[in-house]
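According to this note's numbering, the sequence shown is numbered sequentially starting from 103.
A virtual CB, placed ideally from N, CA and C, is assigned to each residue, including glycine.
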Amino acid sequence: MKTHKNIRLVTIITLLVIQVVFLTMIAKEKYEVGSFAILISVIIITVAIFFGYRYLDLHHEEYGYERIGVAIWVPIGAVLCYSLNIYGGLGSVLSAGITGTVASFIPVLNKDSIYIKKLPGAIYCGAFVGMSSAEITPSIGFVIAAGSLTGVLFMVSKNLFLGIGGKLGTLAFAGVAMVSLLYWLFI
103 MKTHKNIRLV
113 TIITLLVIQV
123 VFLTMIAKEK
133 YEVGSFAILI
143 SVIIITVAIF
153 FGYRYLDLHH
163 EEYGYERIGV
173 AIWVPIGAVL
183 CYSLNIYGGL
193 GSVLSAGITG
203 TVASFIPVLN
213 KDSIYIKKLP
223 GAIYCGAFVG
233 MSSAEITPSI
243 GFVIAAGSLT
253 GVLFMVSKNL
263 FLGIGGKLGT
273 LAFAGVAMVS
283 LLYWLFI
């Protein structure tokens with residue numbers, strides 16, 4: 103039970119830190135370097151996000167994880183969308199739309215399968231990774247790495263942020279941001 107609680111806490115803190123860093127970079131870009139307004143803005147945003155995570159009913163109390171067999175479809179959706187976007191020249195929005203639409207018809211293949219009914223969400227989460235611009239995701243290897251990390255986040259966040267719009271996009275953003283940081287640090 104303690105392990106599950108720690109996994110949940112690490113997931114929430116990771117997403118919180120990524121959001122705060124991203125919003126800080128936006129504020130820093132807008133204001134002059136060393137501006138006091140940046141510090142105040144970051145503090146207000148951080149406090150608001152913290153209280154949102156802490157006091158809003160965003161999570162179920164039980165600990166549940168998505169099966170790895172479902173999460174493995176996140177990088178598959180990412181590669182499919184990226185391929186349509188970059189190699190097919192369709193653009194990111196159309197590529198994500200095609201990927202999501204095709205994924206939505208997968209449950210028709212076997213209406214009784216609980217497993218197959220879970221695949222469209224995972225594939226669509228991957229589509230958000232794959233629709234990143236070519237400047238952010240320079241290679242298919244990057245997309246596979248970001249999709250895999252997003253798949254792990256998808257797996258551990260099954261009972262987090264329920265009923266909140268933007269969960270799949272937030273997970274995809276977190277995966278791409280973390281892999282971008284790793285590429286920047288080590289490659």
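| request: Rounded to whole angstroms, what's the CA-CA distance from A279 to I120? Just pull it up for me. | output: As a position in the sequence shown, residue 279 is number 177, starting the count at 1. As a position in the sequence shown, residue 120 is number 18, starting the count at 1. Cα-Cα distance, rounded: 8 Å.
| Just how far apart, CA to CA, sit A139 and L273? | Along the sequence shown, read from residue 1 onward, the residue named residue 139 stands at position 37. Along the sequence shown, read from residue 1 onward, the residue named residue 273 stands at position 171. About 29 Å.
| field | Secondary structure of L255, DSSP reduced to three states | value | The count along the sequence shown starts at 1 and reaches residue 255 at position 153. If DSSP states are grouped into helix, strand and coil, L255 belongs with the helices.
| query | According to the Cβ coordinates, are T113 and L255 closer than 8 Å? | reply | Locating residue 113 in the sequence shown gives position 11, counting from the first residue. Locating residue 255 in the sequence shown gives position 153, counting from the first residue. Yes, Cβ-Cβ distance for T113 and L255 is below 8 Å.
| query | What's the C-alpha gap between Y285 and G277? | reply | Here the question's residue 285 lines up with position 183 in the sequence shown. Here the question's residue 277 lines up with position 175 in the sequence shown. In a straight line, the C-alpha of Y285 is about 12 Å away from that of G277.
| said: Taking the alpha carbon of T203 as the reference point, which residue from G243, I178, A229 has its own alpha carbon closest? | reply: By 1-based counting over the sequence shown, the position of residue 203 is 101. Checking every option, the nearest Cα to that of T203 belongs to A229.
| field | Coarse secondary structure for M280, derived from DSSP in three states | value | Working through the sequence shown from its first residue, we reach residue 280 at position 178. M280: helix per DSSP, three-state reduction.
| task | Go ahead and label E168 buried or exposed: buried means 16 or more other beta carbons lie within 10 angstroms of its beta carbon, across all protein chains shown. | result | Stepping through the sequence shown from its first residue, residue 168 is reached at position 66. It counts as buried.
| said: Do S197 and N212 have their beta-carbon atoms positioned less than 8 Å apart in this structure? | reply: Residue 212 sits at position 110 when you count from the first residue of the sequence shown. Residue 197 sits at position 95 when you count from the first residue of the sequence shown. No Cβ-Cβ contact shorter than 8 Å links N212 with S197.
| Run through DSSP, which three-state label would N108 get? | Locating residue 108 in the sequence shown gives position 6, where the first residue counts as 1. N108 falls in the helix class under three-state DSSP.
| query | Could you give the distance in angstroms between the alpha-carbon of L251 and the alpha-carbon of Y226? | reply | The sequence position of residue 251 within the sequence shown is 149, counting from 1. The sequence position of residue 226 within the sequence shown is 124, counting from 1. Straight-line Cα distance between these residues: approximately 15 Å.
| To the nearest angstrom, how far is it from the Cα of P222 to the Cα of I174? | Taking the first residue of the sequence shown as position 1, residue 222 is located at position 120. Taking the first residue of the sequence shown as position 1, residue 174 is located at position 72. P222 and I174: Cα-Cα distance of roughly 12 Å.
| said: Pairs of beta-carbons, one from the region 232-239 and one from the region 176-185, closer than 8 Å: are there three or more? | reply: Result yes; three or more Cβ-Cβ pairs closer than 8 Å.
| task | Measuring alpha carbon to alpha carbon, tell me which of I218, G268, T126, T105 ends up nearest I142. | result | Along the sequence shown, read from residue 1 onward, the residue named residue 142 stands at position 40. Selected option, being the one with the closest Cα: T126.
| request: Locate the alpha helix (DSSP H) running through T201, then write down its first and last residues. | output: The residue given as residue 201 occupies position 99 in the sequence shown. Element bounds for T201: 194-206.
| said: Spatial neighbours of P209 within its chain, please: C-beta separation below 6 Å, excluding the five flanking residues on both sides. | reply: As a working note, residue 209 is residue 107 in the sequence shown. If we look at P209 and ignore the five residues flanking it on each side, its Cβ neighbours are I218, K219.
| Residues near A248 by beta carbon distance below 6 Å, same chain, minus five either side | For the purposes of this step, residue 248 is identified with residue 146 of the sequence shown, where counting begins at 1. Correct list, in chain order: V231, G277, V278, V281.
| task | Assuming R110 and Y165 form a contact by the criterion Cβ under 8 Å, report the distance between their Cβ atoms to the nearest whole angstrom. | result | Taking the first residue of the sequence shown as 1, we reach residue 110 at position 8. Taking the first residue of the sequence shown as 1, we reach residue 165 at position 63. 7 Å between Cβ atoms; contact.
| Cα-Cα separation, Y184 to I151 | For the purposes of this step, residue 184 is identified with residue 82 of the sequence shown, where counting begins at 1. For the purposes of this step, residue 151 is identified with residue 49 of the sequence shown, where counting begins at 1. Rounded to the nearest angstrom, the two C-alpha atoms are 31 Å apart.
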